[in-house]
Each structure stands twice: as structure tokens, then as C-alpha cells.
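Let me begin by presenting the structure, written as C-alpha cells, before commenting on it.
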Amino acid sequence: MTAIAGGTTGTAARAHGLDVERIRADFPILSRRLANDRPLVYLDSANTSQKPLSVIEAVRDHYARHNANVARAMHQVGAEASEAYEAARDTVAAFIGAPEREGVVFTKNATEALNLVANVLAWAPGDLGVRAGDDVVITEMEHHSNIVPWQLLTQRTGATLRWFGLTDEGRLDLSAIDELITERTKVVSLVWVSNALGTVNPVAEIARRAKQVGALVVVDASQAVPQMPVDVSTLGADLVAFTGHKLLGPTGIGVLWGRRELLAELPPFHGGGEMIETVRMDRSTYAPPPARFEAGTPPIAQAVGLAAAVRYLEAVGMENVAAHEQQVTAYALARLGEIGGVRLLGPSEMVERGGAVSFVVDGIHPHDVSQVLDSRGIAVRAGHHCAKPAHARFGAQSSVRASGYLYTTEGEIDQMVDAVRYAQQYFGVA
Amino acid sequence: MDLDALYQEIILDHYKRPHHAGLREPYDAETHHVNPTCGDEITLRVHLSDGPGGVTVDDVSYDAEGCSISQASASVMTDLVIGRSVPEAMQRHQEFVELMQSRGTVEPDEDVLEDGIAFAGVARFPGRVKCALLGWMAWKDAVAQASAREESR
């Protein structure tokens, strides 16, 4: 079922060991036909990825055979469910290079993981907490989920929100890094790979400066973990957030990884079942991490599905996934570059660049471009991709975004490019 | 997924040459509406006046940024409501909203909706209904504000 690297059917043109056709056969939705018998051309993977059969089957099998609550069910199926849930934690920990399984907290999604951090830092006692007079530093290319929680935190505490601006190329402007990250800085929170511009940010370099001033480093890795090998132990980050559904897993599960000693010092986020040691009517004491941050019944089947997704990616090899993303993205940038009247947002060269390809077409609103593409079965995202400030920086209200994954072919990019040209003819701007 | 069913000539004409566009004085109320999912925006002003047939929509002016559907819809709307009494204009608003929410099951009345009947096809594209309603919602909101001000005077 799983397409393993280095098959014998490869072509000379393939620069890496990933057999796209074999991989595509593992994704049932990719054989769907849409209106007018058009095949689905799915170029919206930065929004959510499609799921291989092994993930779908893992979730089905869990509900069909092992369903029970975790930790609090003492019976046989309860033990099976608990074991599967905790095994998923081990699988995820190994996948991201987490030194300890206790550093992996399951959340609802990356948004909840980032909100968790921004909230507990308001409540954290002593030097760890964010207070009036402190600075929180983010960047202008963040997803709204890494902007709004910090706005809420700084507004509520009286701290100051500051941010890195962007260069015309769509990279972080690091020229004033020493004036931006100072002794007042408590937290630096940044995206690793931009969901709108595709930029890969120099996390290690920024983390080095943050460490000099004793600031915590939070990384939104939602677009990074699905597409490249990740080792949180050498990243320089204290806390890393990502989501399961963008890496072939189910919706409803995200991950917050944190250094164990740091998590142990942070107060709870949600209160409820299984996050406690003991509860009396007047007060409670709390479980150590990760349970402290997993109040209530967690996403159990989703964790099982996420583990299956991680196993699928490991079998393909993240080096191969990354090489394929680079190849398909380079091809998309080159092909779009051939079309007059198309302007790219973000880096145009494949240097420190991920797979989100956002563009505007002169004279056609992104909604209308995507509508024409959709009429040909091509699914892209049109809008601000929850990164309004990044769009505003480049004078765009919105854009069209194409984003592939390990199942994306160059033929699909060709179809998109043809459809963009057709949209130009249709709206009379060619 | 017939593109021509969505992008009627009338819609593309209004998109390319919008009627009553731009912000004008005088006005009684100004609203700003956004479609949060795509970022489309409209700033819209309404000027009402007392006429023999009751309160009349004297002028609707707007500054909008958005897709062809939202732009064309705002343009068609101004044609439909300017010069009408507020109840008449509200009636047209109601009919247009019903058409948009019909998923293609309502046959529009050309005598009432004029160029607005071109949006019947939009009703079959659920993702675009919000685009078509953006200007109308901003207008309704502005009329409500202007009327409330009128009454409190």
C-alpha cells in the first residue's frame, strides 16, 4: 500500500526517490471525477492535505475495534485505546526529533497550540510570565493564528507587540534584529515556512539572538513539518506548533512540542479531566506535562490517524518529500513566470523556499481566477490565506495560491498554467 | 460547472463599467462591510430624502474592492434602489436575497430585479453567494442607520 522510495519504475528525469504515480494510487480522492468528468487536480495542500488509505483505515480500525476513552478506562479496550494514543505520541516524538515523549502535547490544531502558549505565558509566575513593559516579537508574514493570540496577550498584559518587516523579495528584514530583539523581549514567535509567501525563515539565526537576551522562541511549523525533515532538538526553538491535517493526518489534532523543563514550569491552559493530580473543592494540583495540557477527552482516533500518517511519510522518506516539493515548486514558478500579467508574492527563486506559490493575475480578481480553475477541476485557494498583513505588505488584497504535496505532478502544474491562461482570455485581459 | 451560467454578459459589463461608483456627498450614513474569508471590502454611503411618496433613496455611492460578482452586484443594486422609496427598495433587497439563497430554484422576476436576474446563476455556486450579497448588506445596514438617525431627530 505504501509507496517506498527507490522503486524500479523510475524515470531518468526523476531527481529523487519518490514515485509519484505509486503514491497517488494510495490516495483514493485523487481518482475522483468532478463536474463535467474532470479529474480532481488538488493544489490546495497548504490548506489541508489529502489522506492516504492507510490513514483512513487506521481511523476506521480504531473505531471499529479499539474504541474507548483513554487513561480513565480500565477495561481491555480502554487499555488498547490508551496504548494506541500513547504510541502515537512516541511516533510523533521520534518523527520530529523530540528528545522526550513528554514534550509532545496533543492539541486540537496548531491554532490551539499557539493560543495555549500565548495564554499560559500571561499566567506564568515569576520571570517566565509576560508583563507590562515586556516585548513580544513576531513577523509581518505570520498566519493570523500567530498574530492574534499575541495581540490578545499583549493587550491584556500591557506588553508591547513588535514585528519584523519584510523585504521586497518576501524575506524577513533582519537588518535591525538587534534593535528589535532586546533585553525587553520575552517571546519571539515566528513562522518557519510561510503559508502565503513560501519563504523559509532562518529560525536558528533568530533563535540565537533571542537566546542572547533570554527570550523564549516559539515556532509555527505548520507548513514545515509536512514537507521537510525536522529535528526540534537542534532547531533552537523552545516551543513548536504544527497541525496533523496538513501532514496527511486527520483534522482535529495538532501538536505542541516544548522543552520538557519549560513545559513543567508553565501553568495549565484548560482545566478539566485528566490534567490534574488531585482535586478538592477549594483547589487542585496538576499533572506533569503532557497531561497537564490535555484536559478532557483528547483526539484519540485522530492521534491514531496521525501516527499512521507519520509512518506513511517515514516510509516515503522526508528527504524525498522535500526534494519532490522543491522540484514541483521550481517547475510551478518557472511555468507561471512564462505568463504575462502574473505577479508572484514571495521569493521567485528556489532558495530557502517552500511550496506555497501565491500570485495575482492583472485584471482578474483571485476569486474569479479560482472559479475558472475550479470549472476545470483544479482546486486552489483564493483569498488572503489568513495572512492579511503579508498581502498588504505587497499591495495585494488577496491572491491565488497553488500548493502541492508528495502526490502532486508536473502535469497538474501544466493544467493549472493552461487554466490561468484561459482565465485571461475569458476575462479579456490576455 | 458552466462558467457562462455564472459570468453572464450583464455581470461582466457591470464589472468593467460599474454604475454610480465612487463616494459622494451628501450622505446620511456610511457603512463598511467586509467578506472576512476573501477580504473583499465595500464602503457605501446612502443619502435619503423626504419626497411625496415618503422617504426616498436619493443616492447610493460606494468604493469597493472585490471580485467581478461583488463589484457587479453593487453596481446593479444602485440601479435598482436609487430613486425608489425605502419600502420599495427594501422589497427589491428582499427579492434579491431570496434569489441568492434559492440555490437556483427561484425564477427571478425581471420587472422587479432588472439586470439583477443575471445573478440567478450565482445562486448555484454557494461559495459566491456572499460575494453577490456584500453590497446589498452594506446598503441595508446604511439605510437602517440613516433611518434611525432620521427618527431620532
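Protein chains in written order, with the working numbering: chain A, 35 to 464; chain B, -12 to 140.
Backbone N, C-alpha and C define an ideal beta-carbon position, used for all residues, glycine too.
In this text, all values refer to a predicted model and were calculated from it rather than measured experimentally.
Amino acids of chain B, ordered along the chain, whose beta-carbon sits closer than 7 Å to that of residue i
i, result
"residue 402 of chain A", "54, 55"
"residue 431 of chain A", "26, 52"
"residue 399 of chain A", "53, 54, 55"
"residue 449 of chain A", "Residues of chain B passing the Cβ test: none, with the nearest at roughly 15 Å."
"residue 406 of chain A", "-10"
Supposed close pair residue i, residue j - CB separation, criterion 8 Å
i, j, result
"residue 371 of chain A", "residue 333 of chain A", "That pair is no contact at about 41 Å."
"residue 234 of chain A", "residue 427 of chain A", "Not confirmed; about 18 Å, so no contact."
"residue 348 of chain A", "residue 129 of chain A", "7 Å"
"residue 128 of chain B", "residue 20 of chain B", "7 Å"
"residue 269 of chain A", "residue 355 of chain A", "Not a contact, Cβ separation roughly 18 Å."
"residue 26 of chain B", "residue 185 of chain A", "Contact doesn't hold; Cβ gap of about 18 Å is too wide."
"residue 294 of chain A", "residue 134 of chain A", "5 Å"
"residue 11 of chain B", "residue 46 of chain B", "6 Å"
"residue 266 of chain A", "residue 121 of chain A", "About 19 Å separates the two Cβ atoms, so there is no contact after all."
"residue 177 of chain A", "residue 104 of chain A", "Contact flag wrong, Cβ pair sits at about 30 Å."
Beta carbon of residue i nearer than 8 Å to that of residue j
i, j, result
"residue 398 of chain A", "residue 453 of chain A", "no"
"residue 100 of chain A", "residue 89 of chain A", "no"
"residue 280 of chain A", "residue 250 of chain A", "no"
"residue 512 of chain A", "residue 389 of chain A", "Outside the shown range of chain A (35 to 464) lies residue 512 of chain A, about which nothing can therefore be said."
"residue 282 of chain A", "residue 86 of chain A", "yes"
"residue 468 of chain A", "residue 382 of chain A", "Beyond the ends of chain A as shown, which are 35 and 464, falls residue 468 of chain A; an answer cannot be given."
"residue 86 of chain B", "residue 74 of chain B", "no"
"residue 44 of chain B", "residue 76 of chain B", "yes"
"residue 223 of chain A", "residue 259 of chain A", "no"
"residue 96 of chain A", "residue 118 of chain A", "yes"
"residue 75 of chain A", "residue 325 of chain A", "no"
"residue 90 of chain B", "residue 111 of chain B", "yes"
"residue 183 of chain A", "residue 214 of chain A", "no"
"residue 63 of chain B", "residue 1 of chain B", "yes"
"residue 256 of chain A", "residue 424 of chain A", "no"
"residue 217 of chain A", "residue 171 of chain A", "no"
"residue -1 of chain B", "residue 409 of chain A", "no"
"residue 273 of chain A", "residue 151 of chain A", "yes"
"residue 305 of chain A", "residue 329 of chain A", "yes"
Contacts that residue i makes with chain A (C-beta to C-beta distance below 9 Å)
i, result
"residue 121 of chain B", "What residue 121 of chain B touches in chain A: nothing, since even the nearest Cβ is about 11 Å away."
Closer than 8 Å at the beta carbon, the chain B residues around residue i
i, result
"residue 460 of chain A", "-10, -6"
"residue 417 of chain A", "24, 25, 26"
"residue 422 of chain A", "26"
Bounding residues of the beta strand (DSSP E) (the contiguous stretch that carries residue i)
i, result
"residue 374 of chain A", "From DSSP, residue 374 of chain A is part of no beta strand (DSSP E); its letter is neither H nor E."
"residue 198 of chain A", "194 to 198"
"residue 201 of chain A", "No beta strand (DSSP E) holds residue 201 of chain A; DSSP gives it neither H nor E."
"residue 18 of chain B", "16 to 21"
"residue 311 of chain A", "310 to 313"
"residue 104 of chain B", "That residue, residue 104 of chain B, is in no beta strand (DSSP E); it is neither H nor E in DSSP."
"residue 256 of chain A", "Per DSSP, residue 256 of chain A belongs to no beta strand (DSSP E) and is neither H nor E."
"residue 220 of chain A", "219 to 225"
"residue 273 of chain A", "273 to 277"
Start and end residues, alpha helix (DSSP H) containing residue i
i, result
"residue 139 of chain B", "113 to 139"
"residue 50 of chain B", "Element bounds for residue 50 of chain B: not the alpha helix (DSSP H) but the beta strand (DSSP E), 41 to 52."
"residue 329 of chain A", "Note, residue 329 of chain A: premise wrong, no alpha helix (DSSP H); not H, not E."
"residue 79 of chain B", "73 to 87"
"residue 67 of chain B", "55 to 68"
"residue 113 of chain A", "110 to 129"
"residue 181 of chain A", "Segment: none, residue 181 of chain A is in no alpha helix (DSSP H) and carries neither H nor E."
"residue 96 of chain B", "Counting along the chain, residue 96 of chain B falls outside any alpha helix (DSSP H), and DSSP gives it neither H nor E."
"residue 28 of chain B", "Where residue 28 of chain B is concerned, there is no enclosing alpha helix (DSSP H), although the beta strand (DSSP E) it sits in stretches over 28 to 38."
"residue 244 of chain A", "237 to 246"
"residue 290 of chain A", "Segment 288 to 292 is the beta strand (DSSP E) holding residue 290 of chain A; no alpha helix (DSSP H) there."
"residue 216 of chain A", "Run containing residue 216 of chain A: none; DSSP gives neither H nor E here."
"residue 267 of chain A", "266 to 269"
Contacts that residue i makes with chain B (C-beta to C-beta distance below 9 Å)
i, result
"residue 409 of chain A", "-12, -11, -10, -7"
Beta carbon proximity, residue i to chain D, threshold 8 Å
i, result
"residue 101 of chain A", "Absent from the structure: chain D. Protein chains present are A and B."
Task: 3-residue-minimum beta strand (DSSP E) runs that sit fully inside the region 136 to 174 of chain A, ordered along the chain - done: Contiguous beta strand (DSSP E) elements confined to the region 136 to 174 of chain A occur at 138 to 141, 169 to 173, taking only those with 3 or more residues.
Task: Completely contained alpha helix (DSSP H) runs for the region 401 to 450 of chain A, where each covers 4 or more residues - done: Entirely contained in the region 401 to 450 of chain A, the alpha helix (DSSP H) runs reaching 4 residues are, in chain order, 422 to 427.
Task: Ordered list of alpha helix (DSSP H) runs contained in the region -11 to 14 of chain B, each at least 4 residues - done: Listed in chain order, the complete alpha helix (DSSP H) runs (minimum 4 residues) inside the region -11 to 14 of chain B are -10 to -7, -4 to 3.
Open item on the list: For a minimum of 4 consecutive residues, which ranges assigned as the alpha helix (DSSP H) are wholly contained in the region 340 to 394 of chain A?
Closed with: Taking only runs of at least 4 residues, the alpha helix (DSSP H) segments lying wholly in the region 340 to 394 of chain A are 352 to 371.
- [ ] Would you list, in sequence order, the uninterrupted alpha helix (DSSP H) runs of no fewer than 4 residues that lie entirely inside the region 63 to 100 of chain A?
- [x] Unbroken alpha helix (DSSP H) stretches of 4 residues or longer found wholly inside the region 63 to 100 of chain A: 87 to 95, given in chain order.
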